[in-house]
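Reviewing the structure listed below.
2 protein chains.
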Amino acid sequence: MTAPSQPQHTAQPAGLAIPAGMPRRQTPATRRPLDLNRLSLNQATTEPYTLAEAAAACAQAGIGWFAPWRHKIAATGLAESARILKNYGLRVSSLCRGGMFPAPTRDERAARIEDNRRAIAEAAALETDVLVLVCGPPNGCPLDEARQMVEDGIAALIPYAEQHGVRLAIEPLHPMFAADRSVIVSLGQANDIVQRLGSPWVGVVIDVYHVWWDPYLDREIARARGHIFGFHVNDWVVPMADTVTSRGLMGEGCIDIPRIREAVEAAGYHGPIEVEVMNRDLWQKGCREIVEMVKNAYMLHT
Amino acid sequence: MTAPSQPQHTAQPAGLAIPAGMPRRQTPATRRPLDLNRLSLNQATTEPYTLAEAAAACAQAGIGWFAPWRHKIAATGLAESARILKNYGLRVSSLCRGGMFPAPTRDERAARIEDNRRAIAEAAALETDVLVLVCGPPNGCPLDEARQMVEDGIAALIPYAEQHGVRLAIEPLHPMFAADRSVIVSLGQANDIVQRLGSPWVGVVIDVYHVWWDPYLDREIARARGHIFGFHVNDWVVPMADTVTSRGLMGEGCIDIPRIREAVEAAGYHGPIEVEVMNRDLWQKGCREIVEMVKNAYMLHT
Numbered sequence: 378m379t380a381p382s383q384p385q386h387t388a389q390p391a392g393l394a395i396p397a398g399m400p401r402r403q404t405p406a407t408r409r410p411l412d413l414n415r416l417s418l419n420q421a422t423t424e425p426y427t428l429a430e431a432a433a434a435c436a437q438a439g440i441g442w443f444a445p446w447r448h449k450i451a452a453t454g455l456a457e458s459a460r461i462l463k464n465y466g467l468r469v470s471s472l473c474r475g476g477m478f479p480a481p482t483r484d485e486r487a488a489r490i491e492d493n494r495r496a497i498a499e500a501a502a503l504e505t506d507v508l509v510l511v512c513g514p515p516n517g518c519p520l521d522e523a524r525q526m527v528e529d530g531i532a533a534l535i536p537y538a539e540q541h542g543v544r545l546a547i548e549p550l551h552p553m554f555a556a557d558r559s560v561i562v563s564l565g566q567a568n569d570i571v572q573r574l575g576s577p578w579v580g581v582v583i584d585v586y587h588v589w590w591d592p593y594l595d596r597e598i599a600r601a602r603g604h605i606f607g608f609h610v611n612d613w614v615v616p617m618a619d620t621v622t623s624r625g626l627m628g629e630g631c632i633d634i635p636r637i638r639e640a641v642e643a644a645g646y647h648g649p650i651e652v653e654v655m656n657r658d659l660w661q662k663g664c665r666e667i668v669e670m671v672k673n674a675y676m677l678h679t
Numbered sequence: 378m379t380a381p382s383q384p385q386h387t388a389q390p391a392g393l394a395i396p397a398g399m400p401r402r403q404t405p406a407t408r409r410p411l412d413l414n415r416l417s418l419n420q421a422t423t424e425p426y427t428l429a430e431a432a433a434a435c436a437q438a439g440i441g442w443f444a445p446w447r448h449k450i451a452a453t454g455l456a457e458s459a460r461i462l463k464n465y466g467l468r469v470s471s472l473c474r475g476g477m478f479p480a481p482t483r484d485e486r487a488a489r490i491e492d493n494r495r496a497i498a499e500a501a502a503l504e505t506d507v508l509v510l511v512c513g514p515p516n517g518c519p520l521d522e523a524r525q526m527v528e529d530g531i532a533a534l535i536p537y538a539e540q541h542g543v544r545l546a547i548e549p550l551h552p553m554f555a556a557d558r559s560v561i562v563s564l565g566q567a568n569d570i571v572q573r574l575g576s577p578w579v580g581v582v583i584d585v586y587h588v589w590w591d592p593y594l595d596r597e598i599a600r601a602r603g604h605i606f607g608f609h610v611n612d613w614v615v616p617m618a619d620t621v622t623s624r625g626l627m628g629e630g631c632i633d634i635p636r637i638r639e640a641v642e643a644a645g646y647h648g649p650i651e652v653e654v655m656n657r658d659l660w661q662k663g664c665r666e667i668v669e670m671v672k673n674a675y676m677l678h679t
């Protein structure tokens with residue numbers, strides 16, 4: 378993969394510049410061979426391609442897990458999507474994504490909860506028991522109230538989730554997304570919500586991109602024991618061309634992924650590992666080429 | 378001020394897009410007239426201009442505080458800088474910046490501590506009792522070790538700081554800077570360091586841009602009581618053209634600045650309020666125009 382495109386404003390005035398220096402990883406690239414059976418392709422990594430194209434590429438690469446996104450499911454059709462995935466022998470590690478709870482009016486909030494119910498039903502139809510929740514931006518609401526709307530929204534979904542056998546996985550996003558994508562911004566905050574809701578149907582998904590900076594990450598991963606429903610890998614590359622679409626493949630950036638993975642395993646999670654790399658340069662490549670790169674980066678740097 | 382320049386990659390694939398919606402402020406723009414006597418111009422806001430130019434603009438605008446940066450002091454000369462500021466009747470709210478502690482070798486770390494000693498002496502010469510610490514990126518070190526180097530570096534400076542009557546103000550930066558600017562990324566983490574070091578010469582500076590996202594901000598501001606050495610204002614604007622140089626003036630973004638200011642005041646801080654807006658579009662304007670805009674934004678939206 379080529380280097381991410383450079384940001385428009387790389388050069389900084391001399392006085393504001395800081396000598397470069399990303400963190401060095403503490404752990405060797407691979408201390409023991411990673412189990413390929415845990416690798417799951419998150420469909421955002423192959424965003425330009427259809428579900429059928431991405432599924433075919435996974436099957437060819439010997440990848441057994443897949444994590445579809447709802448807009449792709451909608452484009453292909455739910456029943457057809459389920460059929461394609463089954464034909465390729467792919468299991469669904471999670472469905473991306475529910476959430477988006479905050480809204481200024483009661484009606485709009487109710488509509489969003491209703492949409493989450495549809496997402497739960499879709500997850501069940503795809504035979505996955507995990508729905509990833511990107512909890513949503515403040516959407517014109519004060520930050521504290523928006524956070525309460527998230528918690529209330531998840532609480533409202535629990536009976537429906539239980540009924541369908543689908544677990545709700547809160548994905549804390551990086552704090553840089555607090556204004557425009559998610560008011561849930563740390564694993565500690567997500568753990569607090571899980572603890573308050575006290576339901577086996579509510580837990581977290583841990584994405585290294587969103588949590589690697591956290592000085593209390595080890596403590597919060599340990600605290601998440603028993604409610605870790607997913608684990609996502611990718612990498613943090615600086616300078617950052619774009620906050621959303623310039624993530625790196627594992628090994629291209631500074632995140633000590635093996636260290637975080639081992640902490641997540643020590644906390645009892647041994648399920649699928651989703652590779653979710655939203656990257657415009659990567660998306661220029663062919664679907665099979667992307668999947669091969671994903672597989673190599675997974676084997677070497679996760 | 379014109380809208381910040383658009384990022385190169387604004388458009389996202391439809392499925393990844395999120396309905397826009399920044400948080401609404403909870404507090405009215407100004408509940409009571411803000412005291413202009415507390416306003417301080419942080420020199421980064423007028424980055425293209427010399428210390429003499431910025432000081433003159435402050436004096437003309439009736440601003441009584443100024444926060445110079447070391448590269449500007451170096452360009453003008455320390456004694457001459459002190460003379461200029463005194464001639465204009467400007468008091469120095471803080472000197473920006475010390476810090477930058479992590480480095481892979483013992484010699485380099487020692488050199489950085491030595492540079493911080495020079496910064497302390499400069500602060501004293503400028504008759505300010507606050508040195509802002511931007512603690513530095515990992516600089517090739519593992520993240521945990523880099524964080525320890527910060528704490529060790531600050532500890533090493535305490536006797537010298539005390540001797541010069543200069544307080545060391547840790548500025549936690551936004552977590553998006555963990556790889557390339559500061560391994561200290563939350564007020565809670567900074568408070569923990571202050572607590573462990575247990576010296577009246579070590580505290581924090583709170584910059585709304587860096588901390589507004591924190592779900593535990595109120596708690597940590599309250600915990601910082603007695604060791605808040607400074608308060609910086611600006612605003613968070615999305616979409617973000619650049620992580621460093623597209624900050625907004627107060628009122629242009631989504632941060633509930635009055636709410637945070639009141640929490641900081643409730644925790645006992647009533648000192649200068651520095652306006653620190655690093656923004657390439659703003660920097661295109663004349664120095665006096667910038668300072669007028671700063672003053673207006675301060676009066677209306679802080």
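Line by line, the protein sequences give chains A and B.
For the first sequence, my numbering gives the first residue as 378, with consecutive numbering after it.
For the second sequence, my numbering gives the first residue as 378, with consecutive numbering after it.
Cβ atoms here follow ideal geometry from the backbone N, Cα and C, with glycine treated the same way.
Could you have a look at residue i and say whether DSSP puts it in helix, strand or coil?
{"i": "Ala444 (chain B)", "result": "strand"}
{"i": "Lys644 (chain B)", "result": "It should be pointed out that residue 644 (chain B) corresponds to Ala in this sequence rather than to Lys. Here Ala644 (chain B) sits in coil by DSSP."}
{"i": "Ile454 (chain B)", "result": "The displayed chain sequence assigns Gly, not Ile, to residue 454 (chain B). It is coil, neither helix nor strand."}
{"i": "Gly476 (chain A)", "result": "strand"}
{"i": "Arg657 (chain B)", "result": "coil"}
{"i": "Gly513 (chain B)", "result": "strand"}
{"i": "Ala555 (chain B)", "result": "coil"}
{"i": "His462 (chain A)", "result": "The question names His, but residue 462 (chain A) in the sequence shown is Leu. Looking at Leu462 (chain A) - three-state DSSP - the assignment turns out to be helix."}
{"i": "Thr407 (chain A)", "result": "In this predicted model, Thr407 (chain A) has a pLDDT of only 49, less than 50, meaning its place in the structure is not dependable; the value taken from the coordinates is given anyway. Coil, per DSSP."}
{"i": "Glu651 (chain B)", "result": "strand"}
{"i": "Leu467 (chain A)", "result": "coil"}
{"i": "Val543 (chain B)", "result": "coil"}
{"i": "Leu520 (chain B)", "result": "helix"}
{"i": "Leu550 (chain B)", "result": "coil"}
{"i": "Ala496 (chain B)", "result": "helix"}
{"i": "Gly530 (chain A)", "result": "helix"}
{"i": "Leu677 (chain A)", "result": "helix"}
{"i": "Leu416 (chain B)", "result": "strand"}
{"i": "Leu508 (chain B)", "result": "strand"}
{"i": "Tyr537 (chain A)", "result": "helix"}
{"i": "Leu686 (chain B)", "result": "Outside the modelled stretch of chain B, which goes from 378 to 679, sits residue 686 (chain B), for which no answer is possible."}
{"i": "Val671 (chain A)", "result": "helix"}
Since residue i and residue j should fall inside the 8 Å C-beta cutoff, what is the C-beta to C-beta distance between them, to a whole number of angstroms?
{"i": "Leu508 (chain B)", "j": "Leu550 (chain B)", "result": "Incorrect: roughly 16 Å between the Cβ atoms, too far for contact."}
{"i": "Leu677 (chain B)", "j": "Gly628 (chain B)", "result": "6 Å"}
{"i": "Lys672 (chain B)", "j": "Leu510 (chain B)", "result": "Going by Cβ atoms, the distance from Lys672 (chain B) to Leu510 (chain B) rounds to 28 Å, so no, they are not a contact pair."}
{"i": "Glu669 (chain A)", "j": "Ala438 (chain A)", "result": "6 Å"}
{"i": "Gly441 (chain B)", "j": "Gly466 (chain B)", "result": "7 Å"}
{"i": "Val579 (chain A)", "j": "Leu545 (chain A)", "result": "5 Å"}
{"i": "Gly542 (chain A)", "j": "Ala496 (chain A)", "result": "Actually they do not touch by this definition, with Cβ atoms about 14 Å apart."}
Smallest Cα separation from residue i: which of the options?
{"i": "Leu418 (chain A)", "options": "A:Ala556, A:Val560, A:Lys463 and A:Pro649", "result": "A:Pro649"}
{"i": "Thr679 (chain B)", "options": "B:Arg638, B:Arg657, B:Glu642 and B:His647", "result": "B:Arg638"}
{"i": "Glu430 (chain B)", "options": "B:Cys664, B:Ile497, B:Leu626 and B:Ala456", "result": "B:Cys664"}
{"i": "Leu564 (chain B)", "options": "B:Asp412, B:Arg558 and B:Ile547", "result": "B:Ile547"}
{"i": "Arg558 (chain A)", "options": "A:Ala532, A:Asp506 and A:Pro514", "result": "A:Pro514"}
{"i": "Pro481 (chain A)", "options": "A:Ala496, A:Glu457 and A:Asp521", "result": "A:Asp521"}
{"i": "Val614 (chain B)", "options": "B:Tyr593, B:Ile461, B:Pro592 and B:Val585", "result": "B:Val585"}
{"i": "His448 (chain B)", "options": "B:Gly645, B:Ile561 and B:Glu424", "result": "B:Glu424"}
{"i": "Lys662 (chain B)", "options": "B:Asn414, B:Tyr426 and B:Leu413", "result": "B:Tyr426"}
{"i": "Pro577 (chain B)", "options": "B:Pro552, B:Val560 and B:Gln540", "result": "B:Gln540"}
{"i": "Leu503 (chain A)", "options": "A:Gly580, A:Ala459, A:Gly607 and A:Asp633", "result": "A:Ala459"}
{"i": "Ile570 (chain B)", "options": "B:Gly517, B:Glu597, B:Ala456 and B:Asp484", "result": "B:Glu597"}
{"i": "Leu534 (chain A)", "options": "A:Trp446, A:Pro552, A:Asn568 and A:Asp492", "result": "A:Asp492"}
{"i": "Ala523 (chain A)", "options": "A:Glu485, A:Val652 and A:Ala599", "result": "A:Glu485"}
{"i": "Ala452 (chain A)", "options": "A:Leu428, A:Cys435 and A:Ala432", "result": "A:Leu428"}
Please check if any C-beta of chain C sits within less than 8 Å of the C-beta of residue i.
{"i": "Cys631 (chain B)", "result": "The structure shown contains no chain C; the protein chains it does contain are A and B."}
Within the segment 559–642 of chain B, note down every full alpha helix (DSSP H) run reaching 4 residues or more, in order along the chain. For the segment 559–642 of chain B, whole alpha helix (DSSP H) runs of length 4 or above, ordered along the chain, are 564–574, 585–588 and 594–600.
Proximal residues, the segment 613–628 of chain B versus chain A, C-beta separation under 9 Å: If the cut-off is 9 Å between Cβ atoms, the segment 613–628 of chain B has Trp613, Val614, Val615, Pro616, Met617, Ala618, Asp619, Thr620, Val621, Thr622 and Ser623 near chain A.
Between the segment 495–524 of chain B and chain A, which residues of the former have a C-beta closer than 9 Å to a C-beta of the latter? Those residues of the segment 495–524 of chain B placed with their C-beta closer than 9 Å to a C-beta in chain A are Val511, Gly513, Pro514, Pro515, Asn516, Gly517, Cys518, Pro519, Leu520, Asp521, Glu522, Ala523 and Arg524, ordered along the chain.
At a Cβ cut of 9 Å, what residues of the segment 561–572 of chain A count as close to chain B, listed as they run along the chain? Answer in chain order: Ile561, Val562, Ser563, Gly565, Gln566 and Asp569.
Pull out every residue of the segment 572–590 of chain A whose Cβ sits closer than 7 Å to any Cβ of chain B, in chain order. Result list: Trp590.
Taking beta-carbon pairs under 7 Å, can you tell me which members of the segment 535–559 of chain A lie near chain B? For the segment 535–559 of chain A, the beta-carbon criterion of a distance under 7 Å to any beta-carbon of chain B is satisfied by His551, Pro552, Met553, Ala555, Ala556, Asp557 and Arg558.
What residues in the segment 591–603 of chain A have a beta carbon less than 7 Å from any beta carbon of chain B? Under the 7 Å Cβ criterion, the segment 591–603 of chain A contributes Pro592.
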